[in-house]
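J.: Starting off with a structure, shown below.
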Amino acid sequence: MSLQFANDKEAVDGLAQKFEELKSEIGKVIVGQEKVIETVLVALFSNGHSLLVGVPGLAKTLLVSSISEVLDLDFKRIQFTPDLMPSDITGAEVLDENRSFRFNRGPIFANIVLADEINRTPPKTQAALLEAMQEKSVTIGGHRHELPKPFFVLATQNPIEQEGTYPLPEAQLDRFMFNIPLDYPTYEEEISVVRQTTSDKQVELNHILNDMEILYFQKLVRKIPVADNVLEYAVSLVSKTRPNTANAPSIVNDFISWGAGPRASQYLIIGAKTHAAIHGKYSPDIEDVKAIASYVLRHRIVRNYKAEAEGLTEEAPEPIFDLRHYTLEELNAQPLRKELRTYCILSDISMDSSKTTQMVYTDFGKEKIRRFKELGEPAVSIGKDKWSRGQFLFYIMGQDENNLMENIVAHFNTIANRVNQHDLKQLDAAVYAAGEHKGFEDRIRETYALDMRIPARFQIAHEDTLHQMLWLAEATAEATNSVVIRKYPYQSEEQLSKQAVMDRFNDFGKRYVDMDNPDDYLIINNVDLPVLDFNITISDQYVTEVRGVWEKTQSFTGGAFASYAILNSKRNEIIQVDVFTLAPGEEKRNIMQKLSHIVLSAKVL
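Heads up: the sequence shown begins at 1 in UniProt numbering, then just goes up one per residue.
Okay, here's the thing in structure tokens:
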């Protein structure tokens, strides 16, 4: 490759092309981990260092050595141990045969250095590496020795073993541009890993870039212009992580001890520039900042004791569904990916050359596509068993990208309900694995005209017959789960509004939860996270569903909840069923799915 481009625009195009070649070449030996590979390369072209956090056996060393090989760079691996000395990293002066001192270089003198399990060595040795990372040089015996360029440190931490470790202080973690988590491979990826690593096949990697070309692209990234609104967004995002400052939201003031410093803002911008360039853009936008924000910020935010007590992490709120993105080319390249259960296929039909759009044309036929182009409907269609038996497919179409996004939002609740219905048999078996409590079922049927199946492990937490309130709860090793049932005379549609449902939940929390301490009550938190509402039906009766998070006003506990206001039109009554969980440190999604299933599978009598 020639470094002589006609202009910077051509150079950015060249960077994007080389990035794709790098991904393809590394993919010959690294199965999956596409996002990890991309993020490590973004850090490299941004002239930053990365910290990989993952359990052993996830090919961290192979990843780094493969990157160094395709980049034609010198690679050294340092295994950090409790007895490792600073001189074992930086090198030391030794007395040679002429009785004069000469500097014997340590393994830090390489283009790419893998600092394996960096938290297993004492702080003094850690500091020697981190100083070299910052200064790009080491000083021994009063002499300064420059490190080779480019210089890139990729350190690893093992999150599951804590004995005999020395966690990096926050000030030292700040030297790393990115904190990159590694997860286990998917089932089909692990099959490919085992197949590839247990055969005699040898893979030779081609050199894609050399050191001078990398330095050229690092300088090019610095020259990429940034719009003021993108710069302001990055700085504003970082400033909001700092508690008790003008821009800090209440959730930061409540749960964060220390926020990110100015270096985070710098890394957000330089990382966004690189992210934009490798995707063929000549200037970053806000989406590029968002794409790398979690890697920049997760190790720069320090939680307080309250956040730790409630099991809150630096990560984003738990998603309703786990999504894994594949292009059609990626599906075709890995046939096992076509055997998954549920697919959501997104198609911008204005992109006629897209292979996904062409597949949608084939699946639906010209007449249905013509109707959608003219009338904009149906925006969502359902398919089954396209590549394998038992599959469920959602097709969401849009006239253009903006219309596609609008249709995703507009039809999300319908799609979510259909996905849950698809998994109904497995979910039902899990909820009622221990049997049912017939006594509670009979009482609910008689009092509330509701045929609701109650898992056998539930017990009465509190009962108020005067106000027709029944609170059932179960305690497991992971969580305390509750189902609360009440009924009211139906008087107006206002009783089915989102606010009315929330008010009744809050009334329950104040009236019945921790009655020995009336100042510490349960209430919906609609400040830090949004409260969502949906209109659904249960056995053909109108229902308002409200979902969000709750908290206690004094004891620093909280969790997820869902409330269902069910209109029994036959009896002119409203039955409100609230389900909520207290599960510190646990994922709430599966728990709430099981609790909601108790309500959604009920029948109104």
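Backbone N, C-alpha and C define an ideal beta-carbon position, used for all residues, glycine too. The structure presented is a predicted model; accordingly, all values stated were derived computationally and were not measured.
I believe A132 touches L147 by the beta-carbon criterion, under 8 angstroms. Please report the beta-carbon distance rounded to the nearest angstrom.
T.: Going by Cβ atoms, the distance from A132 to L147 rounds to 6 angstroms, so yes, they are a contact pair.
J.: Between G376 and A110, what straight-line distance do the alpha-carbon atoms span, to the nearest angstrom?
T.: If I take the Cα positions, the gap works out to 58 angstroms.
J.: Going along the chain, which unbroken runs of the alpha helix (DSSP H) with 4 or more residues stay wholly within the region 434 to 476?
T.: Within the region 434 to 476, the complete alpha helix (DSSP H) runs of at least 4 residues are 438 to 448.
J.: By DSSP, does L605 sit in helix, in strand, or in coil?
T.: It is coil, neither helix nor strand.
J.: Compute the beta-carbon to beta-carbon distance between I485 and Y542, rounded to the nearest angstrom, for a pair I have assumed lies under 8 angstroms.
T.: Not quite, the Cβ-Cβ distance comes to about 18 angstroms (not below 8 angstroms), so this is no contact.
J.: Quick one: give me the first and last residue of the alpha helix (DSSP H) that A227 is part of.
T.: Counting along the chain, A227 falls outside any alpha helix (DSSP H), and DSSP gives it neither H nor E.
J.: Roughly how many angstroms separate the alpha carbons of L58 and L237, rounded to a whole number?
T.: Whole-angstrom Cα-Cα distance: 32 angstroms.
J.: Taking 6 angstroms as the limit between beta carbons, can you name the residues of its chain near L71, skipping five residues before and five after?
T.: Within the same chain, L71 has close Cβ partners L209.
J.: Measure the beta-carbon distance from residue 663 to D520 and round it to whole angstroms, keeping in mind my assumption that it falls under 8 angstroms.
T.: Not covered by the structure: residue 663. The range shown for the chain is 1 to 605.
J.: Given this structure, state the Cα-to-Cα distance separating L44 from V203, to the nearest angstrom.
T.: Each residue's alpha carbon lies about 24 angstroms from the other.
J.: Pull up the CB-CB distance for N119 and P181, whole angstroms please, since I reckon it's below 8 angstroms.
T.: That pair is no contact at about 15 angstroms.
J.: For G54, I'd like the list of residues in its chain whose CB is within less than 6 angstroms of its CB, leaving aside the five on either flank, ordered along the chain.
T.: The residues are L182.
J.: Measure from the alpha carbon of A561 to the alpha carbon of each residue in V546, I575 and Q554, then state which is nearest.
T.: A quick correction: the sequence has Phe, not Ala, at residue 561. Of the candidates V546, I575 and Q554, the one whose C-alpha sits nearest the C-alpha of F561 is V546.
J.: Kindly indicate which three-state DSSP category residue 617 falls into: helix, strand or coil?
T.: Since the first residue shown for the chain is 1 and the last is 605, residue 617 is missing from the structure and cannot be characterised.
J.: Report buried or exposed for M1, applying the criterion of at least 16 other Cβ atoms within 10 angstroms of its Cβ.
T.: Note that M1 scores 46 on pLDDT, short of 50, meaning its location in the model is unreliable; the coordinates nonetheless yield the value given after this. By the neighbour-count rule (16 or more Cβ atoms within 10 Å), M1 is not buried but exposed.
J.: By the 10 Å Cβ neighbour count, where 16 or more other Cβ atoms means buried, how is S46 classified, buried or exposed?
T.: Classification of S46: buried, given that the 10 Å Cβ count is 16 or more.
J.: Curious, which full-length beta strand (DSSP E) runs of at least 3 residues does the region 139 to 222 contain?
T.: Here the runs fully enclosed are 143 to 146, 152 to 157 and 178 to 181.
J.: Taking the alpha helix (DSSP H) that N413 falls in, what are its first and last residues?
T.: Per DSSP, N413 belongs to the alpha helix (DSSP H) from F412 to H422.
J.: Taking the beta strand (DSSP E) that E34 belongs to, which residues open and close that run?
T.: Here E34 belongs to no beta strand (DSSP E); instead the alpha helix (DSSP H) covers E34 to F45.
J.: State the start and end residues of the unbroken alpha helix (DSSP H) segment that holds A500.
T.: Unbroken alpha helix (DSSP H) run through A500: K498 to Y512.
J.: Evaluate Q421 with the Cβ neighbour count: other Cβ atoms within 10 Å of its Cβ, from every protein chain shown; 16 or more gives buried, anything less gives exposed.
T.: Exposed is the call here.
J.: Use the C-beta contact count for T121: other C-beta atoms within 10 angstroms, 16 or more gives buried, fewer gives exposed.
T.: Looking at its Cβ environment, which holds 16 or more other Cβ atoms inside 10 Å, T121 is buried.
J.: Would A475 pass as a contact of A461 if the rule is Cβ separation under 7 angstroms?
T.: No, Cβ-Cβ distance for A475 and A461 is not below 7 angstroms.
J.: Alpha carbons only, please: which of I524, K570, I523 and S482 is nearest the one belonging to I591?
T.: Considering only alpha carbons, the answer is S482.
J.: With 16 as the cutoff for other CB atoms within 10 Å, does S563 come out buried or exposed?
T.: Under this definition S563 is a buried residue.
J.: Looking at the strands, I want to know which residues DSSP matches up with F394.
T.: For F394, which the question treats as bridged, DSSP gives the partners C344 and I382.
J.: Go to D116, then tell me how far its beta strand (DSSP E) extends in each direction, as first and last residue.
T.: D116 -> beta strand (DSSP E) spans I112 to D116.
J.: Got a sec? Which residues, its chain only, sit under 6 angstroms from E189 by beta carbon, not counting five neighbours each side?
T.: Excluding positions up to five away in sequence, the list reads V31 and G32.
J.: Looking at the structure shown, is P584 part of a helix, part of a strand, or coil, going by DSSP?
T.: Coil, per DSSP.
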